[in-house]
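Each remark here refers to the structure printed beneath this line.
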Amino acid sequence: MTSHFIRLPDPIVAVTLVLCACSIVTTNPLLTFVSILFVPFSMKMLWRTGEPPVLFFGVLLQWLTITVKVFYANYLGLVFTEVHQFPLQIEKTFWLSMLGLFFFTVSLHLVIRNLRFQSPATIEQLVKYYDTTKVTYAYLILFFAFPGIIALSRAIPGLQQPLTKVMEMKWSFFYLLFLVVFLKKENRQNFYFIFVAEVILGFTGYFSFFKDFIIIALICYLTLGIRLQPLQYVALVILGAFTFNLAVVWTYVKPEYRAYLSGGEQAQIVTVSQTDALSKILELSDKMTQENFDDAVVDLVNRVSYIDFFSASIAYVPAYLPHQGGAVWSASVQHILLPRIFFPNKPAIDDSQQTTKYTGLAFAGAEQGTSISLGYMAESYVDFGETYMFIPIVALGFLIGFIYKRVLTGSINKLWGYGLVMPLFFSVNINGFASIKIIGGLVMYFLVVLLLNRFVLIHIDRLVRSKR
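In my numbering, the protein residues as written are 1 to 468.
Here it is in structure tokens:
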């Protein structure tokens, strides 16, 4: 490993050692030990000094989808298999998933390890050239342009994916705004107002976008190069607890709230105003009892955990259906070669249909307004079996690493480069996603970034710089 990667903080090392020692007395000692040890390992492999740790946090959330029920089972005093819907092959699934994530992490590391080191001081020097007020206005323009972009994407289905990736560039401006505000120590009150407004409005959509702002803000904060003190570690724990409670409340209100948003339609749409949506979510959350909270915690754990379908596919393939020999991944690659804007009759993606096919279980699909993905690791198993499933996983890691590296080195400066990789977080946190969506999303993200760098950012950069 090179010195470009962070040195693990002493508190992280100490907590890891204590937790590893405590894992011995849990009901699932080996699973717990491996789960704990993976966190500092991935941190050391993916977190480069001075860079936003988007790769590490994306992998960390993948890790959570694999390991959350290890810790939940320990909390209940149960064996790992007892807390799963499809327990027959669940331990094998855990080990295959962890091994897949290990290879995914290593492949990312191999690509980014030789990136030219950029010290935090250089970023601080760059930030001085930007006008805080102008950057704030640029972000607000994007904020108010969002409804129009969303309406356009719905009106022209062929543009939905490109416009979605354009909208994700909002995170690049959020990063720029965060760094300018906190490194120049200007307009912090305005930033706090924007941040709180974004979190609140994140509750008004069909999905839980509120958590995205909290996670991205944390990534931005950790980019500042601040040496964390004990009180700041405590603050991070409090932030984690706060986010967890928000997620529990969301889990409780979600079924009735989504039905209200969609107007009773079996579709993932919003038919009410943001004001009405906020009023409804406050009304529903006000009814929450302690019993409701406890039930919502269980539902949240079940929702976060995403290896049960993989377990079901191991039980079904090849016992009842042969391995596909690359057909699933091949179809994913072929899908991106037929852009919907030029091929409007291209079949819509129905994740649930594929999950049903490779597990032998019936799932609600697009007609019911539901999408249940098998997940890219399970698809790799379905295609190639236990031994060779890691080949496409490694290839995916290399692809994401290449895109990360190319975006950083191909941007007009390092500040914009770091900003432009912020949306990549959502392409790394992918354990519950189908390969067809992962590949398409990555390619479209890369194309949008290339076009922005070539034709747009140089002009925006000039507009948001200070005159001096």
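Cβ atoms here follow ideal geometry from the backbone N, Cα and C, with glycine treated the same way.
CB of residue i within 9 Å of CB of residue j, strictly
i    : j    : result
T105 : S42  : yes
Y139 : F174 : yes
Y278 : Y252 : Here residue 278 is Leu; the residue named in the question, Tyr, does not match the sequence. No, the Cβ-Cβ distance between L278 and Y252 is not below 9 Å.
F398 : L108 : yes
A315 : L99  : no
Y404 : I123 : no
V79  : T32  : no
W250 : F213 : no
L176 : W416 : yes
G385 : P318 : yes
R48  : I112 : yes
I436 : I349 : yes
M422 : W63  : no
T65  : Y306 : yes
L218 : L236 : yes
V68  : V304 : yes
Y206 : V270 : yes
T136 : V196 : no
Y376 : I336 : no
I393 : F103 : yes
R116 : T370 : no
Neighbour-count burial assignment, residue i, 16 or more Cβ in a 10 Å radius
i    : result
L282 : exposed
Y257 : buried
S373 : buried
L179 : buried
G264 : exposed
A434 : buried
D286 : exposed
S466 : exposed
R454 : exposed
D308 : buried
D351 : buried
D10  : exposed
P52  : buried
T355 : buried
L450 : exposed
F242 : exposed
G440 : buried
V448 : buried
G240 : exposed
Rounded straight-line distance, which links the Cα of residue j to that of residue i
i    : j    : result
I156 : I150 : 10 Å
S311 : Q268 : 27 Å
K414 : E91  : 43 Å
I6   : F426 : 22 Å
G360 : A378 : 14 Å
M1   : G401 : Confidence at M1 is low in this model, with a pLDDT of 41, below 50, so its placement is unreliable and no value can be given for it.
K44  : K184 : 29 Å
N245 : N292 : 13 Å
F143 : M169 : 11 Å
L55  : V428 : 7 Å
A331 : L463 : 43 Å
V298 : A247 : 12 Å
Q274 : K280 : 10 Å
F86  : S313 : 10 Å
Q549 : V407 : Any property of residue 549 remains undetermined from this structure, which presents the chain solely from 1 to 468.
V166 : L420 : 11 Å
S97  : Y233 : 30 Å
N114 : A395 : 18 Å
A145 : S153 : 13 Å
I470 : D131 : Since the first residue shown for the chain is 1 and the last is 468, residue 470 is missing from the structure and cannot be characterised.
E82  : N28  : 11 Å
L110 : V272 : 47 Å
H84  : N187 : 48 Å
T26  : V13  : 20 Å
M288 : A296 : 10 Å
L452 : G225 : 28 Å
F390 : L101 : 9 Å
K211 : K254 : 14 Å
Identity of the residues DSSP links to residue i by a beta bridge
i    : result
F144 : DSSP output for F144 lists no bridge partner at all.
Y175 : DSSP lists no partner for Y175.
R465 : Y130
R48  : F5
At least three beta-carbon pairs within less than 8 Å, the region 442–452 to the region 74–82: no
Touching by the beta-carbon criterion (3+ pairs, under 8 Å), the region 58–71 and the region 10–21: no
Segment contact flag, the region 378–388 with the region 320–327, C-beta cutoff 8 Å, min 3 pairs: yes
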